[in-house]
Amino acid sequence: MQIEYIVREDNTRLLLIFAGWSTDASAFGGLVCPGYDVAVLSGYTDLSVPDDFSGYSEIVVMAWSLGVWAASNVLARYRKLPVTLTVAVNGTETPVSDTEGIPERIYRSTLDGLTAQSLLKFRRRMGGGDLPLPSRSVDELGDELAVVLAAGAAAGIRWDRAVISDNDMIFPPDNQRCAWQGRADILEMTGAHVPDWQRIVDALVINKPLVGRRFARGLQTYMSEADVQIRIAEHLWSMCRKHCGSLNKTPLSVLEIGYGNGAMTRLYAPELRPKRLVLWDILDIPSPFGETAICDGETAIMELAPDSVDMIISASTVQWFNSLSGFLERCAGVLAPGGLVVISSFGPQTFHELTEAGVTPLPYISLESIRRIVPAGMELLELHEGIITKVFSSPIDVIRHLRSTGVNGRKSSVPLTKILTSYPLRSDGRAALTYNPVYFILRKSQ
């Protein structure tokens, strides 16, 4: 494989793209992913990785077309890479398949009849006729097709999301749906095999530096405005209390991720009285309850020793993680046998009013998806959701509320005036804002 960096600014996070067949980094010119370096891998006759990525604390992987097959094989081999989010775009792990990939007859005819002229025709079919041609020769591209055909299906790995274009003329959309159903959250988009990369990045990758800045700005007003988050914390602790007796262990070691102003901490700490309480947050917030550390909990958990924590608690935080599935897998590793993971997040109905006004929503998690991503060796003890609706005098009051709590951690390309005029109003002329909290508790097998 060859690697080309299209953004290299000494960020600690990396967006790593596995390009599609007959493309390279030139297909991604102008792509912006704030807070991340961006690198593109291409050329899959040799799957050796030309960089150890040792300077990165987090790697987000997006793989396109035959790049999905390559990424699956590479990530299965390099399991120690700090990979969080994995996104398959218009491709599958079985690239030559009549039911889950490119039909075999079409794939073989593309390989057998490959010429400079047929390559141009192929690129028009994929919707990339105006993309620059790769530096590799037609013979090299043919060798790549032959290697993939001979290798067969890729090693299966964890995929968080599968993006499927409705007019993909390379990987039939129905075949993609068949391949990913029950294995990843599917995001359907309009377009051809060549997707709108900026739209995908904006929708699925969390701008963590921006999240930190927004929460820092709202820290002083959080308590007066975050009544919903406080209610959620109270409900989560009432659920958790029922299962604490199963820990059968004192002293306890407890880790809370996203402790913020302590709304959750002050509920459980006096009752559990853990011997060791570690509190993580992206901001420096003093707490009288335990040891505090400024960190990204999604990646910091990769550094903990196996079986070292009895309980992991996180209220209204993991929606800012790139991969809940990957995080839970790592929780399973660091929890002691019988340990608990206690989490609240938000479901797809959250802020649907803003979505109706044109704002791109966070990739919120559904109950069905949570059931699917429960790691091996973990038991789902609790899972349910709720709806909490706040009502404001006007849409501008909704925006002020969000700014005061810091929960608007996404940058929107939609002008504020457009949001305000498009915001749906109730019959009484007021503006509602919906929260869809989801709650779940997992226990590690003894």
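Just so you know, we're using the numbering used here here: the sequence shown kicks off at 39 and counts up by one. Beta carbons: idealized from backbone N, C-alpha and C, even for Gly. Keep in mind that this is a model prediction, so the values were computed, not measured.
What is the rounded straight-line gap between the Cα of residue i and the Cα of residue j?
i                 : j              : result
leucine 274       : valine 380     : 8 Å
proline 183       : proline 141    : In the sequence under discussion, the amino acid at residue 183 is leucine, which differs from the proline named in the question. Each residue's alpha carbon lies about 14 Å from the other.
alanine 217       : alanine 108    : 16 Å
isoleucine 479    : glycine 180    : 50 Å
threonine 124     : glycine 467    : 42 Å
proline 324       : tryptophan 318 : 11 Å
phenylalanine 430 : threonine 459  : 15 Å
alanine 470       : threonine 259  : 20 Å
glutamate 394     : glutamine 387  : 11 Å
alanine 192       : arginine 162   : 27 Å
proline 133       : leucine 53     : 23 Å
glutamate 131     : asparagine 49  : 30 Å
leucine 152       : isoleucine 425 : 56 Å
threonine 83      : arginine 174   : 12 Å
For the alpha helix (DSSP H) containing residue i, name the first residue and the last one.
i             : result
serine 80     : Taken as a continuous stretch (DSSP letters only), serine 80 belongs to no alpha helix (DSSP H), being part of the beta strand (DSSP E) at 74-80.
lysine 246    : 246-256
histidine 281 : No alpha helix (DSSP H) contains histidine 281, which DSSP labels as neither H nor E.
serine 442    : 433-443
histidine 422 : Run containing histidine 422: none in the alpha helix (DSSP H); it sits in the beta strand (DSSP E), 416-423.
glutamate 42  : Looking at the DSSP string, glutamate 42 is not in any alpha helix (DSSP H); the run it does join, the beta strand (DSSP E), is 40-45.
alanine 241   : 235-242
arginine 409  : 405-410
aspartate 223 : Aspartate 223 -> not in any alpha helix (DSSP H); beta strand (DSSP E) instead, spanning 223-227.
serine 363    : 362-372
Could you check whether residue j and residue i sit closer than 8 Å to each other, using their CB atoms as the reference points?
i              : j                 : result
asparagine 205 : glycine 229       : yes
cysteine 71    : valine 249        : no
valine 476     : serine 382        : yes
serine 86      : aspartate 62      : no
lysine 246     : aspartate 322     : no
leucine 310    : leucine 290       : yes
tryptophan 235 : phenylalanine 359 : no
serine 147     : glycine 129       : no
serine 64      : leucine 157       : no
tyrosine 43    : valine 76         : yes
valine 201     : methionine 227    : yes
alanine 154    : valine 176        : yes
arginine 410   : glycine 220       : yes
Please report the residue range of the beta strand (DSSP E) in which residue i lies.
i                 : result
phenylalanine 430 : 426-430
tryptophan 102    : 96-102
tyrosine 477      : 475-482
Any chance the CB of residue i is under 7 Å from a heavy atom of the ligand COA?
i           : result
leucine 169 : Annotation note on the ligand COA: not contained in the displayed structure, which lists no ligands.
If we define contact as Cβ-Cβ less than 8 Å, is residue i a contact residue for chain C?
i            : result
arginine 464 : Of the chains in the structure shown, none is chain C; there is only one protein chain.
Q) Can we say the region 435-443 touches the region 414-423, given the rule of at least three CB pairs closer than 8 Å? A) no
**Q.** alpha helix (DSSP H) runs contained entirely in the region 446-472, provided each spans 4 or more residues
**A.** 454-460
Q: With a floor of 4 residues, list each alpha helix (DSSP H) that falls wholly inside the region 186-211, ordered by position along the chain.
A: none
Q: Say whether the region 357-374 touches the region 265-274, bearing in mind that this needs 3 or more beta-carbon pairs closer than 8 Å, one atom from each stretch.
A: Contact between the region 357-374 and the region 265-274 is absent, because fewer than three Cβ pairs lie under 8 Å.
Q. Is the region 343-359 close to the region 294-301, with three or more CB pairs under 8 Å?
A. With a cut-off of 8 Å, the region 294-301 and the region 343-359 count as touching, because enough Cβ pairs lie within range.
Q) What residue ranges within the region 286-358 form continuous alpha helix (DSSP H) runs of no fewer than 4 residues, ordered along the chain? A) The qualifying runs are 303-310 and 335-338.
Q: For the region 183-200 and the region 167-174, state whether three or more C-beta atom pairs, one from each stretch, are separated by less than 8 Å.
A: Not touching, per the Cβ criterion.
(Q) Quick check for students: name the residue ranges of the alpha helix (DSSP H) that lie wholly in the region 96-144, counting only runs of 4 or more. (A) Qualifying alpha helix (DSSP H) stretches, in chain order: 104-115.
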